[in-house]
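Protein chains: 2
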Amino acid sequence: MSELRQDPTTREWVIIAPERAKRPQQAPKPRRADRLPDWDGSCPFCPGNESQTPPEVFRLPLSGQAWEVRVIPNRFAALMPDGDITRREGGRIFRKMDGIGAHEVIIETPSHNTPTALMSYEQVQKVLIAYQERYNTLKKNWQLKFITIFKNHGQASGTSLIHPHSQLVATPVLAPYYHRRLDVAVRYYADVGKCLYCDLLAEELEKGERIVAQTKEFVVLHPYASRAPWETWIIPKRHYASFGLFPDEHLAELARVLKDTLLCLYRGLDNPAFNYMVNTTITEDEENPYYHWHIRIVPRLNLIAGFEMGSGIYISTALPEETASLMKQVAYSLPEGECPTLKQKA
Amino acid sequence: MSELRQDPTTREWVIIAPERAKRPQQAPKPRRADRLPDWDGSCPFCPGNESQTPPEVFRLPLSGQAWEVRVIPNRFAALMPDGDITRREGGRIFRKMDGIGAHEVIIETPSHNTPTALMSYEQVQKVLIAYQERYNTLKKNWQLKFITIFKNHGQASGTSLIHPHSQLVATPVLAPYYHRRLDVAVRYYADVGKCLYCDLLAEELEKGERIVAQTKEFVVLHPYASRAPWETWIIPKRHYASFGLFPDEHLAELARVLKDTLLCLYRGLDNPAFNYMVNTTITEDEENPYYHWHIRIVPRLNLIAGFEMGSGIYISTALPEETASLMKQVAYSLPEGECPTLKQKA
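Residue numbers (our numbering), protein chains in the order written: chain A, 213 to 558; chain B, 213 to 558.
Written out as structure tokens, the structure reads:
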């Protein structure tokens with residue numbers, strides 16, 4: 213029998229129905245991508261093609277000939293810095309504003325064919341440094357209320373370019389999902405007087421069944437009401453509402469945890485398409501006691517269909533307790549030196 | 213420059229960024245399905261294979277040898293009728309319940325290869341009769357609070373079986389998207405004293421620029437803050453909160469409007485993948501003055517990516533005013549006899 217579980221961070225219900233994993237498939241499976249070259253002359257993100265993109269706004273190393281990480285405005289930006297932030301009403305019903313904001317691309321490596329799972333820890337750390345740098349620069353613009361950093365990997369993730377990259381979108385409006393999580397976290401704080409996520413972590417660590425691993429500063433877990441099989445969260449143990457204010461001395465550790473988590477998914481699920489999102493608080497309230505930033509990784513093993521689109525209820529075909537256990541098994545089955553952070557006692 | 217528009221029915225913002233339609237694609241496009249046979253011996257929904265599915269709960273015609281529409285419990289149901297509706301608390305954080313509910317499949321035609329766009333009006337009407345019949349039967353079960361009827365068509369829609377079918381899911385919890393729309397509609401009613409959707413329709417009909425067509429009882433429009441290019445709504449002109457209480461004498465007209473709308477998308481976008489959802493009110497409050505049932509059709513031209521998943525903000529690459537105008541052009545370009553309802557003066 214399936215279960216309905218309420219996501220404690222949104223109060224929304226999800227259906228966990230492992231039986232549905234057995235249903236037949238008539239629709240053709242997407243083709244596997246062909247083996248990729250390390251450099252592609254037609255790729256605007258490959259070295260030598262920098263003139264095909266807008267000028268960079270940040271890079272690592274900060275100077276020198278060759279870049280290792282490069283941040284550029286998205287050439288096909290959904291939002292642009294210039295415009296009028298005034299909200300314009302059209303009668304009682306319609307409200308709009310200029311599409312102001314920022315939309316940037318973080319090119320994570322010069323290598324066309326090296327996903328995060330196969331990067332060095334140092335390279336992943338540089339990507340995280342670029343995230344935080346751009347976050348903290350953009351938040352100084354008072355018009356930008358909310359900053360989303362995310363990554364699309366693989367065809368089913370919605371990416372249009374293969375070269376490893378992530379994106380940052382800064383909006384002058386609150387994102388609905390953040391709004392919902394904030395609302396739930398504020399109520400919890402009003403009721404209980406503590407951070408919901410801190411309490412959730414304590415409960416999860418006590419139970420243990422959904423914990424994949426923990427390090428000094430982070431917990432890797434499969435959430436209680438996961439929306440998709442193998443959904444994985446990386447949560448800092450200590451309370452920080454904002455990714456922007458997270459101490460940069462912990463980014464090296466975060467890089468190890470993130471890379472090892474993605475490598476374990478890469479090995480265990482054969483390089484699945486996935487999205488990850490850095491869920492953080494709003495730019496104007498970075499030190500609040502109720503929100504708690506974290507990274508959410510969602511493998512895209514199933515397409516979002518009409519039920520999810522119509523209802524907002526997600527159906528997952530796996531119990532997070534089982535996938536957490538499987539993920540630990542995958543980690544322990546890997547050769548020595550692979551995924552060491554996931555092999556620590558959880 | 214792009215625009216941010218607030219969806220008047222959810223108060224959530226979407227980004228409308230036509231420039232992004234021009235971005236390059238490195239990822240391979242999904243293959244087109246091969247030409248399908250009219251009957252597939254291995255398809256559990258084709259005539260002759262009825263024993264491969266659970267026994268039917270409804271059919272049309274009601275008796276006789278051959279069925280034209282057939283409703284069965286989903287063999288891989290996300291929710292099942294038996295179980296305990298009690299919500300069980302796990303401390304302050306975790307809450308769950310048995311996965312009770314109903315999950316049914318409406319097999320829309322005996323023909324393996326006839327999508328709604330190419331069905332007869334009479335056949336589409338039978339599908340709608342089956343929807344309403346099942347809706348009104350299931351709502352009598354007090355445990356089922358909310359019923360979603362939806363259809364997935366084409367590979368990118370998330371469907372696993374090709375044979376034309378739609379689905380019904382009845383849940384013991386409110387769906388988050390419904391909850392959000394209800395909340396907005398109730399506030400509007402409290403403020404303005406009228407149904408938000410009735411007011412929205414009046415405004416749209418006065419402006420005209422997003423109206424594709426109207427008939428005696430229905431309006432076809434592209435919504436102000438559409439989440440995807442060519443998103444199309446079919447809204448009844450008269451106020452009915454619930455699809456279940458919509459007078460069945462109008463189902464023949466609805467069948468004509470739905471089929472012609474889908475045929476126009478089929479011709480204009482070359483048989484796109486799409487989802488449609490019947491958005492209706494909760495089963496325990498079907499005659500309220502603030503909600504207004506409607507059908508939402510979303511072509512799946514782009515995949516949902518990390519930004520949408522992380523933020524809940526959708527990016528559409530087309531202005532609804534332009535796609536509404538294009539859709540009218542497509543309708544008028546079709547041979548006489550195709551899409552007559554969309555050729556009526558809007």
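Here a beta-carbon is modelled for each residue, glycine too, at the ideal position from N, C-alpha and C.
Bear in mind the structure is a predicted one, so any value in this text is a computation, not a measurement.
Span separating the alpha-carbon of residue i from that of residue j
| i | j | result |
| --- | --- | --- |
| B:E231 | B:G311 | 44 Å |
| B:I527 | B:A229 | 7 Å |
| B:L412 | B:K428 | 18 Å |
| B:A558 | A:I516 | For B:A558, the predicted model reports a pLDDT of 47, less than 50, meaning its position is unreliable; a value from the coordinates is still stated below. About 33 Å. |
| A:V542 | A:C476 | 7 Å |
| A:F455 | A:Y390 | 14 Å |
| B:D482 | A:H324 | 33 Å |
| A:K419 | A:W279 | 45 Å |
| B:E215 | B:N514 | 19 Å |
| A:T495 | B:S369 | 35 Å |
| B:A453 | B:D497 | 8 Å |
| A:A425 | A:V281 | 28 Å |
| A:T222 | A:E415 | 17 Å |
| A:G260 | A:Y333 | 25 Å |
| A:K308 | B:T492 | 26 Å |
| B:L350 | B:L356 | 7 Å |
| A:M539 | A:V396 | 29 Å |
| A:G549 | A:I507 | 24 Å |
| B:I447 | B:N353 | 27 Å |
| A:P547 | B:A329 | 54 Å |
| B:N500 | B:G276 | 39 Å |
| A:P575 | A:T326 | Because chain A is modelled from 213 through 558, residue 575 of chain A falls outside the range shown and cannot be assessed. |
| A:D472 | A:Q556 | 12 Å |
Terminal residues of the alpha helix (DSSP H) in which residue i lies
| i | result |
| --- | --- |
| A:Y526 | Counting along the chain, A:Y526 falls outside any alpha helix (DSSP H), though it belongs to the beta strand (DSSP E) covering 526–528. |
| B:V385 | No alpha helix (DSSP H) holds B:V385; DSSP gives it neither H nor E. |
| B:V542 | 532–545 |
| B:I600 | No answer is possible for residue 600 of chain B: it lies beyond the span of chain B, which begins at 213 and ends at 558. |
Check whether residue i and residue j have beta carbons under 7 Å apart
| i | j | result |
| --- | --- | --- |
| A:A314 | A:F270 | no |
| B:L408 | B:R422 | no |
| A:I319 | A:H377 | yes |
| A:D219 | A:A437 | yes |
| A:V469 | A:T553 | yes |
| A:N487 | B:M521 | yes |
| A:A467 | A:Q264 | no |
| A:M489 | B:G518 | yes |
| A:L463 | A:L340 | yes |
| B:T529 | B:A233 | yes |
| A:E262 | B:P388 | no |
| B:F288 | A:R512 | no |
| A:Y502 | A:V398 | yes |
| A:I284 | A:P266 | yes |
Boundaries of the beta strand (DSSP E) in which residue i is found, first to last residue
| i | result |
| --- | --- |
| A:A314 | 314–319 |
| A:I228 | 225–228 |
| B:E301 | 300–302 |
| A:T444 | 444–448 |
| B:D310 | 306–310 |
| A:K363 | 358–365 |
| A:A425 | 423–426 |
| B:R282 | 281–285 |
| A:E215 | 215–218 |
| B:R508 | 506–511 |
| A:R468 | Taken as a continuous stretch (DSSP letters only), A:R468 belongs to no beta strand (DSSP E), being part of the alpha helix (DSSP H) at 463–481. |
| B:M489 | 486–491 |
Where residue i meets chain D, residues with beta-carbon distance less than 7 Å
| i | result |
| --- | --- |
| B:I284 | Any reference to chain D falls outside this structure, whose protein chains are A and B. |
Review point. How about the stretch 349–360 of chain A and the stretch 379–398 of chain A: do they share at least three Cβ pairs that are nearer than 8 Å?
Key: In short, these stretches touch, since the Cβ pair count reaches three.
Check your understanding: Any contact of the stretch 291–305 of chain B with the stretch 439–446 of chain B, i.e. 3+ C-beta pairs under 8 Å?
Key -> The answer is no - the stretch 439–446 of chain B does not touch the stretch 291–305 of chain B, with fewer than three Cβ pairs under 8 Å.
Check your understanding: the stretch 487–506 of chain B: which residues have C-beta closer than 9 Å to a C-beta of chain A, in chain order?
Key -> Those residues of the stretch 487–506 of chain B placed with their C-beta closer than 9 Å to a C-beta in chain A are N487, Y488, M489, V490, N491, ordered along the chain.
Point to revise | Members of the stretch 257–279 of chain A that neighbour chain B once the beta carbon cut-off is set at 8 Å | key: Hits within the stretch: zero.
Review point. Closer than 7 Å, Cβ to any Cβ of chain A: which residues of the stretch 303–328 of chain B, in chain order?
Key: For the stretch 303–328 of chain B, the set of residues with a beta-carbon nearer than 7 Å to any beta-carbon of chain A comprises G303, R304, I305, F306, R307, K308, M309, D310, G311, in chain order.
Review point. Quick one, which residues of the stretch 214–231 of chain A are near chain B if we go by CB-CB under 9 Å, in chain order?
Key: Cβ contacts with chain B: S214, E215, L216, R217, Q218, P220, T222, R223, E224, W225, I227, I228, A229, E231.
Point to revise | Three or more C-beta pairs below 8 Å linking the stretch 331–347 of chain B and the stretch 249–261 of chain A | key: Judged by Cβ distances under 8 Å, the stretch 331–347 of chain B makes no contact with the stretch 249–261 of chain A, as fewer than three pairs qualify.
Review point. Taking any Cβ of chain A, which residues in the stretch 516–529 of chain B have a Cβ under 7 Å from it, in chain order?
Key: If the cut-off is 7 Å between Cβ atoms, the stretch 516–529 of chain B has I516, A517, G518, F519, M521, G522, S523, G524, I525, I527 near chain A.
Point to revise | Residues in the stretch 430–442 of chain A having any Cβ partner in chain B nearer than 7 Å | key: For the stretch 430–442 of chain A, residues whose beta-carbon sits nearer than 7 Å to a beta-carbon of chain B comprise Y436.
Practice item. Identify each residue in the stretch 385–401 of chain A for which the Cβ-Cβ distance to at least one residue of chain B is less than 9 Å, and report them in chain order. Key: When C-beta distances to chain B are compared with 9 Å, the residues of the stretch 385–401 of chain A below that value are V385, L386, A387, P388, Y389, Y390, H391, R392, Y400, in chain order.
Review point. What are the residues of the stretch 402–430 of chain B that lie near chain A, defined by any Cβ-Cβ distance shorter than 7 Å?
Key: Cβ contacts with chain A: V404, D411, L412, E415.
**Study point:** Interface residues of the stretch 330–364 of chain A facing chain B [CB-CB below 9 Å]
**Key:** Residues F358, T360, I361, F362, K363, N364.
**Study point:** Interface residues of the stretch 538–551 of chain B facing chain A [CB-CB below 8 Å]
**Key:** The stretch 538–551 of chain B vs chain A, Cβ under 8 Å: nothing.
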